[in-house]
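Undergrad: Before anything else, here's the structure in question.
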Amino acid sequence: MGFWPIFLLALMEGLVSAAVLAITAAGLSLVFGVMRVVNVAHGAFFMLGAVGAWFVTTYVPGPPALVFLAAMILAPLCVAALAALADIGVLKRLNYNADATIVATIGLLYILEQGALSFFGPSARPVPAPFSVRIQLPWFGYSGYKLAVVGAAVVLLALLWLAINRTRAGLVMRATQSDREIARAFGIDTDKVYAGVFAFGAGLAALAGVLVVPIQQAYYLMGEGPLLMSFIVVIIGGLGSLRGTLLAALFIGLSDGVISMFFSPTLTEILATLLVAFVLIFRPQGLFGRGAA
Amino acid sequence: MLELRDIEAGYGAVRVLRGVSLSAAAGAVTCVMGRNGAGKSTLMKAIMGLIPVAAGHVLLDGNPIEALPAHQVPRRGLAYVPQGRRLFAELTVEENLGVGLLVRRGDAGLRRHVLDLFPRLEERLDQQAWTLSGGEQQMLAIARALCLGPRVLLLDEPTEGLQPSMITLIRDTVLRLKAEGLAVVLVEQRVEAVLEMADQVVFMANGRVAETAATQGLAPDARQFRDHVGI
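Sequence order for the protein chains is U and L.
Quick note on my numbering: the first sequence kicks off at 190 and runs consecutively.
Quick note on my numbering: the second sequence kicks off at 9 and runs consecutively.
This is the structure:
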């Protein structure tokens with residue numbers, strides 16, 4: 190293969206990374222944007238989604254596509270319920286104090302990872318793709334499932350945008366994000382909004398985990414890479430800015446595909462971390478975040 | 009309509025309000041005045057349930073509401089225009105009004121009534137709140153509160169930082185709301201505005217009610233303004 194087909198392959202791989210990263214980082218960005226909570230446990234929710242998908246696809250009988258669809262619904266719902274419990278049981282009791290919630294979510298991360306280790310074991314476990322279609326291009330064949338992941342991400346993120354900008358729940362969420370105290374003075378139960386947003390953010394991470402698990406494998410430490418990359422994306426895009434998060438995910442994902450293909454995956458992380466350092470120095474609010482007034 | 013009995017409230021262990029009592033009747037404007045730190049804004053927050061009331065009662069039509077969660081208070085008919093407006097800055101004018109209308113399930117008639125009060129907002133419905141001028145922001149803050157369809161309106165320094173034409177507009181709006189039968193509790197520092205709008209003035213000092221006076225007998229240079237406001 191010549192340079193351009195390899196470059197195209199790299200871009201397609203990057204697009205898949207960007208798709209999964211965008212879903213994961215959107216959840217992290219929502220949680221920070223609305224609650225001002227830096228959720229270090231976000232990667233564990235990603236991992237639980239993948240592990241949940243393994244359980245569903247392993248123990249629920251039926252056609253693979255239907256079972257996988259069930260996993261896409263059940264795993265995020267269970268993870269969201271767990272996150273809502275964590276919010277009510279831990280974060281709310283800390284009054285969402287910025288420092289305390291970082292420590293609390295670090296604790297939650299370890300509890301969830303060690304819990305997964307205990308019940309799921311240390312081995313990486315494969316989950317079959319719901320369908321095996323190969324798209325044949327003139328230069329190479331490509332996984333149809335990977336392209337489906339990109340399509341699913343586009344649909345999901347479009348629905349997310351609509352939900353945030355065009356629904357009553359989205360309005361409630363944005364009002365709470367803007368000024369929690371005044372939102373309460375307008376009849377909004379901000380405790381419920383916080384629990385809902387934390388659950389929804391975790392559900393998004395879990396859904397990303399479900400989508401990625403046929404490409405990777407379910408493993409109890411698999412959330413750490415996506416957590417780091419999500420933080421990088423959210424910081425570059427602008428904390429709390431969904432548009433910035435999505436654009437940064439696309440940029441980082443595509444860069445990951447190209448740099449990993451031609452150089453090394455480690456170089457991607459080095460460059461991304463350097464980029465974060467530059468953003469923090471020269472534009473701390475991120476590329477699309479609004480600075481403090 | 010709204011009655012406070014020996015309210016005590018503050019922030020954490022710091023007690024700011026120490027036994028505040030006052031009443032606000034329907035179709036009347038009650039003005040709260042006092043020096044900086046007297047507890048005026050804290051009083052507004054305590055009425056709205058935004059800070060806990062440690063002792064005393066907030067009664068609405070004789071029913072205590074001080075123990076309600078803050079988000080339940082506007083459903084009982086209270087609305088609050090905070091000091092500094094505190095609009096949902098990134099939201100459009102329409103969306104800010106929409107938040108106000110959440111409690112009323114998007115009451116179209118109420119929205120129309122509010123836009124009739126502030127026609128300029130209708131020209132700016134798609135603009136983000138932070139892009140409005142100071143006067144327009146204040147109009148929006150009042151309009152947003154009126155979207156709750158309140159019986160009691162709390163206004164915390166609504167004329168602060170506004171040009172004279174806007175102050176006149178706010179004054180006219182308050183007088184119109186008063187004529188419509190709302191009970192208005194107003195924190196205000198401009199004596200002329202107070203005398204034009206208010207029926208009674210509650211002077212606060214150090215978290216207590218120092219004196220209450222009807223505006224009818226008050227002159228702009230009255231002793232009470234000098235003693236309690238420093239004007």
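The C-beta atom is built at its ideal place from N, Cα and C for all residues, glycine as well.
Only a predicted model underlies this, so the values are computations on that prediction, with no experimental measurement involved.
Using a Cβ cut-off of 8 Å, which residues of the segment 103–116 of chain L contact any Cβ in chain U, in chain order?
TA: Here the close residues are Glu103, Gly106, Val107, Gly108, Leu110 and Val111.
Undergrad: When Cβ atoms are compared, which residues of the segment 341–364 of chain U fall closer than 8 Å to chain L?
TA: Of all residues in the segment 341–364 of chain U, Arg357, Leu360, Val361, Arg363 and Ala364 have a Cβ within less than 8 Å of some Cβ in chain L.
Undergrad: Quick one: grab the DSSP three-state call for phenylalanine 211/L.
TA: Taking the second sequence and counting its residues from 1, the one referred to as residue 211/L is at position 203. The answer is strand: DSSP assigns phenylalanine 211/L an E or B state.
Undergrad: Indicate whether alanine 97/L and glutamine 136/L have their beta-carbon atoms separated by less than 9 Å.
TA: Here residue 97/L corresponds to residue number 89 of the second sequence, with the count starting at 1. Here residue 136/L corresponds to residue number 128 of the second sequence, with the count starting at 1. Yes, the Cβ-Cβ distance between alanine 97/L and glutamine 136/L is below 9 Å.
Undergrad: What beta strand (DSSP E) runs, 3 residues minimum, are completely inside the segment 95–165 of chain L?
TA: Within the segment 95–165 of chain L, the complete beta strand (DSSP E) runs of at least 3 residues are 160–164.
Undergrad: In the DSSP output, which residue or residues are listed as bridge partners for serine 31/L?
TA: Working through the second sequence from its first residue, we reach residue 31/L at position 23. DSSP lists Glu11/L as partners of serine 31/L.
Undergrad: How big is the Cα-Cα spacing for leucine 360/U and arginine 120/L?
TA: In the first sequence, counting from the first residue as 1, residue 360/U sits at position 171. In the second sequence, counting from the first residue as 1, residue 120/L sits at position 112. Going by the C-alpha atoms only, they are around 20 Å apart.
Undergrad: Rounded to the nearest angstrom, what separates alanine 230/U and isoleucine 291/U at their Cα positions?
TA: In the first sequence, the residue the question calls residue 230/U occupies position 41. In the first sequence, the residue the question calls residue 291/U occupies position 102. C-alpha separation (whole angstroms): 9 Å.
Undergrad: Does any C-beta atom of chain L lie closer than 9 Å to the C-beta of glutamate 370/U?
TA: For this step, residue 370/U is matched to residue 181 along the first sequence. Yes, contact with chain L.
Undergrad: When we look at the beta-carbon of arginine 132/L and count the other beta-carbons within 10 Å, is it buried (16 or more) or exposed?
TA: In the second sequence, the residue the question calls residue 132/L occupies position 124. Per the 10 Å Cβ criterion, buried.
Undergrad: Identify, in the order they occur along the chain, each residue of the same chain with its Cβ nearer than 7 Å to the Cβ of glutamate 219/L, setting aside the five sequence neighbours on each side.
TA: If you number the second sequence from 1, residue 219/L lands on position 211. Correct list, in chain order: Phe211, Gln232 and His236.
Undergrad: Take phenylalanine 257/U and list the residues in its own chain whose beta-carbon comes closer than 7 Å to its own, dropping the five residues that flank it on each side.
TA: The sequence position of residue 257/U within the first sequence is 68, counting from 1. Counting only Cβ-Cβ distances below 7 Å, and skipping sequence neighbours, we find Thr246 and Pro319.
Undergrad: When you compare each of Val316/U, Pro415/U and Thr356/U to proline 253/U by their alpha carbons, which one comes out closest?
TA: What you label residue 253/U is simply residue 64 of the first sequence in a count that begins at 1. Out of Val316/U, Pro415/U and Thr356/U, Val316/U has the C-alpha closest to the C-alpha of proline 253/U.
Undergrad: Kindly indicate the opening and closing residues of the beta strand (DSSP E) around threonine 38/L.
TA: For the purposes of this step, residue 38/L is taken as the residue at position 30 of the second sequence. Element bounds for threonine 38/L: 36–42.
Undergrad: For valine 249/U, count the other beta carbons within 10 Å of its own beta carbon; 16 or more makes it buried, fewer makes it exposed. Which is it?
TA: Position 60 of the first sequence, counted from the first residue, corresponds to residue 249/U. Looking at its Cβ environment, which holds fewer than 16 other Cβ atoms inside 10 Å, valine 249/U is exposed.
Undergrad: Can you tell me which residues form a DSSP beta bridge with glycine 330/U?
TA: For the purposes of this step, residue 330/U is taken as the residue at position 141 of the first sequence. Its beta-bridge partners are Gln325/U.
Undergrad: Within the same chain, show all residues whose beta-carbon is closer than 7 Å to that of alanine 33/L, passing over the 5 residues directly before and after it, in chain order.
TA: Locating residue 33/L in the second sequence gives position 25, where the first residue counts as 1. So the list reads Met9 and Ala191, once near-sequence residues are dropped.
Undergrad: Do alanine 207/U and leucine 483/U have their beta-carbon atoms positioned less than 9 Å apart in this structure?
TA: In the structure as shown, chain U begins at 190 and stops at 482. Residue 483/U is therefore absent and cannot be evaluated.
Undergrad: Check alanine 63/L in the structure and name its three-state DSSP category.
TA: Locating residue 63/L in the second sequence gives position 55, where the first residue counts as 1. If DSSP states are grouped into helix, strand and coil, alanine 63/L belongs with the strands.
Undergrad: Which residues in the same chain have their Cβ closer than 8 Å to the Cβ of alanine 213/L, if we skip the five residues on either side of it in sequence?
TA: What you label residue 213/L is simply residue 205 of the second sequence in a count that begins at 1. Counting only Cβ-Cβ distances below 8 Å, and skipping sequence neighbours, we find Gly42, Arg43, Ala46 and His236.
Undergrad: Touch check for the segment 11–19 of chain L and the segment 59–79 of chain L: three-plus C-beta pairs under 8 Å?
TA: Result yes; three or more Cβ-Cβ pairs closer than 8 Å.
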